[in-house]
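Take a look at the structure below.
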Amino acid sequence: MKGLTQKGLSRRALFNACLACGSAHLGLQSNAVQAQGWAPPAAAQRCPSRWGPNDRRGSMNLLTPERIRSAASMIREGRKIEMGHVLAQNMPFFGTRRFDVHQKQVFMNPQSNRRGSNEEVVVGEIGQVGTQFDGFPHQTIGNEVYNCVDLPSIMSRTGFTEMGIETVGTIMTRGVLIDVAGQKGVRTLPDTYEITPADLEAALARQRVELREGDAMLINTGWGHLWAVDNARYVRSCPGIGVAAAEWLIARNPMLLGADNWPVEQSPSATMPGASLPVHQIALVVHGVHLLENMNLAEIVASGRNEFCFMMQPLRAQGFSGSTVSPAALF
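Going by this note's numbering, the first residue of the sequence shown is number 7, and it counts up by one from there.
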């Protein structure tokens with residue numbers, strides 16, 4: 007089978023190969039155009055960034071007043087679609103991540119109007135759970151983050167001293183939905199399906215929409231339908247963009263890349279089957295492009311809207327590696 011010539015195939019590789027063959031009649035078999043042999047580039051190849059050696063904002067440099075005004079002009083009907091999942095204890099989690107909520111009645115105030123007060127105690131993460139936005143310190147190549155900043159030099163007991171998620175601020179730009187699952191005619195792409203540049207081009211052509219510099223480029227794989235329905239399958243693997251598709255998108259200068267799966271990218275990687283999430287390194291470390299994961303795209307897909315005003319505000323949590331977020335499409 008093409009792309010499966012390595013010795014010692016695992017059971018999972020064989021299963022995925024059979025799955026790909028069984029999906030070929032739907033036009034879902036990944037073609038072999040992916041970049042082969044990608045490796046994290048040396049520091050001299052990736053630094054300084056296009057914005058200079060002292061830059062810490064990466065693709066957020068594209069968030070200009072002109073783009074904000076242009077995005078605002080797309081709001082004509084006064085409609086809003088939420089594109090984030092509800093934070094809840096039935097979410098899928100990875101490893102030791104957790105989100106435990108304890109409701110408590112604080113007290114009944116003694117005044118005559120009997121005003122009661124209620125609060126919540128949350129034990130868990132708020133940077134890397136739910137619909138989440140990755141900051142640059144979240145990922146490294148060796149001990150270096152974006153723009154070859156030495157990770158230990160920006161670490162502290164209370165968070166990162168540079169590039170914490172509080173430095174991003176409110177994002178408002180043109181959002182573009184790239185409905186790859188819709189282009190393939192399926193509700194959900196197969197497990198570990200690799201989205202290629204050809205897939206992206208076909209989806210955009212079908213939707214009659216073009217990408218522009220500074221867009222929030224959002225990919226629908228259909229994987230979000232498993233959220234809180236089959237969490238074990240959701241986190242085990244996922245369809246998503248491969249290395250070549252990531253580089254194809256980044257060449258178009260996005261403000262961010264998002265998807266309705268957990269890493270935006272395909273997992274495990276077909277380009278680097280022995281590596282861990284190479285697109286995370288390509289986007290966050292090499293190019294300074296933020297990733298938006300675990301999106302809830304079902305409603306925006308059903309609406310038929312392919313472009314809209316995208317708005318999102320990460321938590322102003324000092325020194326955090328990321329933030330749970332509630333992105334919205336406005337039109």
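Quick reminder that beta carbons are idealized off the backbone N, C-alpha and C, glycines included.
Exposed or buried, residue i, counting other C-beta atoms within 10 Å across all chains shown (16 or more means buried)?
i           : result
residue 125 : exposed
residue 4   : Outside the shown range of the chain (7 to 337) lies residue 4, about which nothing can therefore be said.
residue 253 : buried
residue 158 : exposed
residue 161 : exposed
residue 221 : buried
residue 145 : buried
residue 180 : buried
residue 320 : buried
residue 190 : buried
residue 117 : exposed
residue 36  : Any reading at residue 36 is ruled out, since the residue's pLDDT is 37, under 50, leaving its predicted position unreliable.
residue 112 : exposed
residue 134 : buried
residue 100 : exposed
residue 79  : exposed
residue 251 : buried
residue 4   : Nothing in the structure corresponds to residue 4, since the chain is present only between 7 and 337.
residue 167 : exposed
Across which residues does DSSP place residue i in a beta bridge pair?
i           : result
residue 179 : 316
residue 108 : 127
residue 226 : 185
residue 165 : 162
residue 61  : Paired residues: none, contrary to the question.
residue 150 : 147 and 156
residue 265 : 225
residue 273 : 244
residue 335 : 87 and 316
residue 200 : 246
residue 55  : 58
residue 122 : 114
At what residues does the alpha helix (DSSP H) containing residue i begin and finish?
i           : result
residue 241 : 237-242
residue 205 : 203-213
residue 117 : It is not in any alpha helix (DSSP H) - residue 117 carries neither H nor E in the DSSP assignment.
residue 78  : 71-78
residue 304 : 304-309
residue 82  : Neither: residue 82 is in no alpha helix (DSSP H) and is coded neither H nor E.
residue 289 : Unbroken run through residue 289: none, as it is neither H nor E.
The beta strand (DSSP E) spanning residue i covers which residue range?
i           : result
residue 298 : 296-299
residue 329 : 328-330
residue 88  : 86-88
residue 252 : Segment 249-256 is the alpha helix (DSSP H) holding residue 252; no beta strand (DSSP E) there.
residue 138 : 138-140
At a threshold of 8 Å, does residue i count as lining the ligand MG (C-beta to nearest heavy atom)?
i           : result
residue 212 : As presented, the structure is devoid of all ligands, the ligand MG included, so that no description of it is given.
Below 8 Å on the Cβ atoms is my guess for residue i versus residue j; work out the distance and round it to an integer in Å.
i           : j           : result
residue 104 : residue 129 : 7 Å
residue 260 : residue 298 : With a Cβ gap of about 10 Å, residue 260 and residue 298 do not count as contacting.
Inset, instruction - Check whether the region 183-193 touches the region 219-231, counting contact only when three or more Cβ pairs, one atom from each stretch, lie closer than 8 Å. - result: A contact is defined here as three or more CB-CB pairs under 8 Å, and the region 183-193 meets this definition with respect to the region 219-231.
Legend entry - Touching by the beta-carbon criterion (3+ pairs, under 8 Å), the region 65-83 and the region 275-285: No, because fewer than three Cβ pairs between the region 65-83 and the region 275-285 fall closer than 8 Å, the two stretches do not touch.
Inset, instruction - Count the CB pairs spanning the region 227-247 and the region 87-100 that are closer than 8 Å, and state whether there are at least three. - result: These segments touch.
Inset, instruction - Give a yes or no on contact between the region 195-202 and the region 174-182, applying the rule of three or more CB pairs nearer than 8 Å. - result: The region 195-202 makes no contact with the region 174-182; the number of CB pairs closer than 8 Å stays below 3.
Inset, instruction - Assess, as a yes-or-no matter, whether the region 315-329 is touched by the region 138-152 under the definition of 3 or more beta carbon pairs within less than 8 Å. - result: The region 138-152 vs the region 315-329: in contact.
Inset, instruction - Would you check if there are 3 or more beta carbon pairs closer than 8 Å linking the region 238-253 to the region 266-280? - result: Verdict: yes, contact present.
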